[in-house]
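Here our numbering is used: the first residue of the sequence shown is 19, the next is one more, and so on. Shown next, in structure tokens, is the structure this report addresses.
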Amino acid sequence: MKPSLNIFSLKGTINGRFRAASEKEKYVRMKRSMIQFVRKTGMMLAVAGAAVLVLNSCSKDPLNDMTDEESRIYVTNRDTTANFASYNTFSIVDSVAVASNGDTAKRALTEYDRQLIDAVKSAMQARGYTEVDRAAKPDLAINLTRIDESYANTYYNPGYWAGWGGYWDPWYWGYPGYGYYFPTYYTVYYQERAVSIDLLDLKNADADKQIDAIWNAMFRGAGVWNSSNINSMVTAVFDQSPYLQQ
């Protein structure tokens with residue numbers, strides 16, 4: 019007896035094998051796709067990580083990577099009762115006082131000092147004030163001081179400077195026997211080289227026999243004694259003082 023051939027059984031077997039092969043190929047393709055995805059994702063993550071490292075390595079340290087300009091500090095103070103538009107004339111010192119660890123006997127006229135005098139003079143003139151000789155009884159007087167302190171915990175306050183006579187004795191301005199008065203808002207802490215500009219009220223000096231400081235500016239930090247920075251530093255403190263206008 020010849021074995022019977024079950025067409026339907028054979029067909030089912032063949033179809034089953036095809037389905038099994040098809041499922042296997044589908045699984046293989048899916049696995050390959052996942053492997054490729056993981057590889058691509060891993061590469062992308064690696065690239066992203068490398069980019070973060072590069073960015074971090076190129077990012078700026080806010081303290082250690084500051085430029086000289088970024089390290090400088092500009093401080094301005096004023097007498098809020100003063101009417102700066104009421105003054106017309108000014109005179110400025112012919113040299114710069116040098117304060118070093120409490121010694122105020124020094125005055126200098128280096129090239130830096132000349133440029134500092136000229137820059138402050140130009141800034142005042144740009145604000146509408148007229149320079150006159152100190153013998154012509156100017157409304158305002160300008161004292162300039164370079165401060166070179168090599169120790170910390172030094173305070174810029176009335177008591178500290180009052181003993182110095184405000185760098186320049188009042189007799190220089192034609193007021194012998196007068197004293198300087200520096201309001202309490204002049205307190206500034208510093209530990210390094212600095213430059214101070216003091217604007218003094220001569221116009222009203224006779225009222226109470228003292229010369230009031232009505233505006234003060236100080237700049238400190240890296241490069242303050244570099245002559246190439248003078249114009250930008252003087253501009254900075256005057257820009258901070260829009261009220262200083264004739």
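Note that beta-carbon positions come from the ideal geometry of N, C-alpha and C, so glycine has one too.
When the options are compared against residue i, the one with the closest alpha-carbon
| i | options | result |
| --- | --- | --- |
| ASN161 | ILE110, GLY195, ALA137 | ILE110 |
| ARG211 | SER89, ILE135, VAL242, LEU262 | VAL242 |
| MET236 | ALA254, ALA225, SER245 | ALA254 |
| LEU262 | ALA144, VAL114, VAL116 | ALA144 |
| PRO167 | LYS139, VAL116, TRP189 | Reading the sequence as shown, one finds Glu at residue 167 and not Pro. GLU167 has its Cα closest to that of VAL116, out of LYS139, VAL116, TRP189. |
| ASP112 | GLU88, ARG152, ASP224, ALA225 | ARG152 |
| GLY146 | TYR105, GLU129, GLY195 | TYR105 |
Check whether residue i and residue j have beta carbons under 7 Å apart
| i | j | result |
| --- | --- | --- |
| GLN258 | THR99 | no |
| ASP97 | ILE232 | yes |
| THR148 | THR107 | yes |
| ALA159 | LEU218 | yes |
| LYS221 | ASP157 | yes |
| ALA141 | GLN264 | no |
| ALA223 | TYR193 | yes |
Those residues which DSSP pairs with residue i across a bridge
| i | result |
| --- | --- |
| VAL111 | For VAL111, which the question treats as bridged, DSSP gives no partner whatsoever. |
| LEU218 | ALA159, ALA231 |
| ASN95 | ASN234 |
| ARG125 | ALA115 |
| VAL213 | ARG164, PHE237 |
| TYR147 | In DSSP, TYR147 forms no bridge with anything. |
| GLY197 | GLN228 |
For residue j and residue i, the rounded distance between their alpha carbons
| i | j | result |
| --- | --- | --- |
| ARG125 | ASP187 | 13 Å |
| ASP131 | ASN249 | 12 Å |
| ASP230 | ASN101 | 13 Å |
| THR202 | ASN234 | Low confidence applies here, because THR202 scores a pLDDT of 49, under 50, leaving its location unreliable and the question unanswered by this model. |
| TYR208 | ASN119 | Confidence is the limiting factor: at TYR208 the pLDDT is only 45, short of 50, which leaves the residue's position unreliable and the question unanswerable from this model. |
| TRP191 | GLY239 | 31 Å |
| VAL265 | ARG90 | This structure leaves residue 265 out entirely; the chain is present only between 19 and 264. |
| LEU134 | TYR92 | 15 Å |
| ALA154 | ASN244 | 33 Å |
| MET251 | LYS139 | 14 Å |
| GLU88 | ILE165 | 20 Å |
| SER246 | LEU127 | 17 Å |
| THR85 | VAL213 | 19 Å |
| GLY195 | TRP189 | 7 Å |
| GLU129 | ALA225 | 38 Å |
| VAL114 | PHE256 | 19 Å |
Closer than 7 Å to chain B by CB, residue i
| i | result |
| --- | --- |
| LEU158 | Going by chain labels, chain B is absent from the structure shown, which holds only one protein chain. |
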